[in-house]
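Trainee: Here the sequence shown stands for residues 338 to 637, where the numbers follow the working numbering. Cβ coordinates follow ideal geometry from the N, Cα and C atoms, glycine included. Shown below is the structure under consideration.
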Amino acid sequence: MKKTQLILAAGLVLCAALPAAAQRSFASPEEGSKALADAVRTGEGKNVIAIFGEKSKPWIFTGDAVSDRADWTAFLAAYDKKNKLVKEGDAKATINVGDDDWPFPAPLVKAKDGKWAFDAETGREEVINRRVGRNELDTIQTLLAVVDAQREYATSDADGNGSTDYAKKFISTKGKKDGLYFETAAGAPQSPLGPLVGVAAKEGYPGTNPGGPYHGYQYRMLMSQGKDAAGGAYSYLVKDRMMGGFAVVAFPEKYGVSGVKTFVVNHDGVVYEKDLGAGTAAAAAAIKAYNPDKTWQKVQ
Numbered sequence: 338m339k340k341t342q343l344i345l346a347a348g349l350v351l352c353a354a355l356p357a358a359a360q361r362s363f364a365s366p367e368e369g370s371k372a373l374a375d376a377v378r379t380g381e382g383k384n385v386i387a388i389f390g391e392k393s394k395p396w397i398f399t400g401d402a403v404s405d406r407a408d409w410t411a412f413l414a415a416y417d418k419k420n421k422l423v424k425e426g427d428a429k430a431t432i433n434v435g436d437d438d439w440p441f442p443a444p445l446v447k448a449k450d451g452k453w454a455f456d457a458e459t460g461r462e463e464v465i466n467r468r469v470g471r472n473e474l475d476t477i478q479t480l481l482a483v484v485d486a487q488r489e490y491a492t493s494d495a496d497g498n499g500s501t502d503y504a505k506k507f508i509s510t511k512g513k514k515d516g517l518y519f520e521t522a523a524g525a526p527q528s529p530l531g532p533l534v535g536v537a538a539k540e541g542y543p544g545t546n547p548g549g550p551y552h553g554y555q556y557r558m559l560m561s562q563g564k565d566a567a568g569g570a571y572s573y574l575v576k577d578r579m580m581g582g583f584a585v586v587a588f589p590e591k592y593g594v595s596g597v598k599t600f601v602v603n604h605d606g607v608v609y610e611k612d613l614g615a616g617t618a619a620a621a622a623a624i625k626a627y628n629p630d631k632t633w634q635k636v637q
């Protein structure tokens, strides 16, 4: 079990609006440890929120239910395999889980009244940092996989139109091959994006629904590039075919929770990144062309 898989995220049975509830406290750290595992086991997001308190909801729910659920499943599997409390003095205890004794980010602390509760605020920064780091690395690799898929799509003339054009969408129209993913017959080679879609489907993502986040990020095709891109400003479209190149932008589903950086890549295969700040959703929506200027950094 990799440590990076054991990241706190409460994507269980998500509710549009969970009722406010006071954070639970416990007679002992042992009771708190068991209560956490029991809450996760119910599959109810409200039960997990009750463990950490209402203020934890904004950073526990990432907006990517599939990724959240996978994280909790990994935590519970590690907990059930092995768990122990490591006490630091008389007022603090950390739950270690799995063969690697991975420390749960939020320790249990003892209050003046003698009750124990999870210190969710201490865990918040660690949780977010681990999750964001993982999602951003995954996103970079996903963008590079899209680059490979686009190159394969063009060189193989996947759509059969006799041109080395690129796909204008990720998922093909049903019965067509106008996207990077399309259904193929049993035993036939996969579509260019088939391997990635297959991995996503195994993780629980709806393979042919491009509207949702993947590992905390949204993806969108770009049909042109701006003046700051190598080669200057031009449209990738020649009539209705994308002949001049391709580009993709990827941005966090929930800024500061599922990711921080926004990424872009084009047919050159170089990924650039930039922190668009708290207004990432609007700023990313406004990106209509691939145009990484000096404020964007190359991903090393």
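Which runs of the beta strand (DSSP E) fall wholly inside the region 552-633 and span at least 3 residues, in chain order?
Mentor: 554-559, 584-589, 598-603, 609-612
Trainee: Apart from the five residues just before and just after Gly581, which ones in its own chain have a Cβ nearer than 8 angstroms to its Cβ?
Mentor: Here the question's residue 581 lines up with position 244 in the sequence shown. By the criterion of a C-beta distance shorter than 8 angstroms, Gly581 is surrounded in its chain by Tyr571, Ser572, Tyr573, Leu574, Val575, once the five residues flanking it on both sides are discounted.
Trainee: At what residues does the alpha helix (DSSP H) containing Val403 begin and finish?
Mentor: Taking the sequence shown and counting its residues from 1, one reaches residue 403 at position 66. That run of the alpha helix (DSSP H) goes 402-418.
Trainee: Thinking C-beta only, is Ser509 closer than 8 angstroms to Gly499?
Mentor: Taking the first residue of the sequence shown as position 1, residue 499 is located at position 162. Taking the first residue of the sequence shown as position 1, residue 509 is located at position 172. Judged by their CB atoms, Gly499 and Ser509 are not nearer to each other than the 8 angstroms cut-off.
Trainee: If you run the structure through DSSP and keep just helix, strand and coil, what is Ala353?
Mentor: Along the sequence shown, read from residue 1 onward, the residue named residue 353 stands at position 16. Per-residue confidence for Ala353 stands at a pLDDT of 35, beneath the threshold of 50, marking its modelled position as unreliable; no derived number is given.
Trainee: How is the alpha helix (DSSP H) around Val636 delimited, first residue to last?
Mentor: Working through the sequence shown from its first residue, we reach residue 636 at position 299. Segment: none, Val636 is in no alpha helix (DSSP H) and carries neither H nor E.
Trainee: Can you tell me which of the three DSSP states Thr510 falls into?
Mentor: The residue given as residue 510 occupies position 173 in the sequence shown. Thr510 falls in the coil class under three-state DSSP.
Trainee: Among Asp450, Ala430, Lys449, whose alpha-carbon lies nearest the alpha-carbon of Phe441?
Mentor: Taking the first residue of the sequence shown as 1, we reach residue 441 at position 104. The candidate whose alpha carbon is nearest that of Phe441 is Ala430.
Trainee: Look at the alpha carbon of Lys394 and the alpha carbon of Arg406, and state the distance between them as a whole number of angstroms.
Mentor: In the sequence shown, the residue the question calls residue 394 occupies position 57. In the sequence shown, the residue the question calls residue 406 occupies position 69. Computed Cα separation, rounded: 15 angstroms.
Trainee: Can you find at least 3 beta carbon pairs, one from the region 517-533 and one from the region 443-456, that sit closer than 8 angstroms?
Mentor: No: the two stretches stay apart, fewer than three of their Cβ pairs being nearer than 8 angstroms.
Trainee: Who are the Cβ neighbours of Gly596 in its own chain at under 8 angstroms, not counting the five residues just before and after it?
Mentor: As a working mapping, residue 596 is identified with position 259 in the sequence shown. Taken in chain order, the residues that qualify are Val469, Asn472, Glu473, Thr476, Gly553, Tyr554, Phe588, Pro589, Glu590.
Trainee: Name the residue from Lys511, Lys564, Lys424, Val608 whose alpha carbon lies nearest to the alpha carbon of Ala482.
Mentor: Position 145 of the sequence shown holds residue 482. Of the candidates Lys511, Lys564, Lys424, Val608, the one whose C-alpha sits nearest the C-alpha of Ala482 is Val608.
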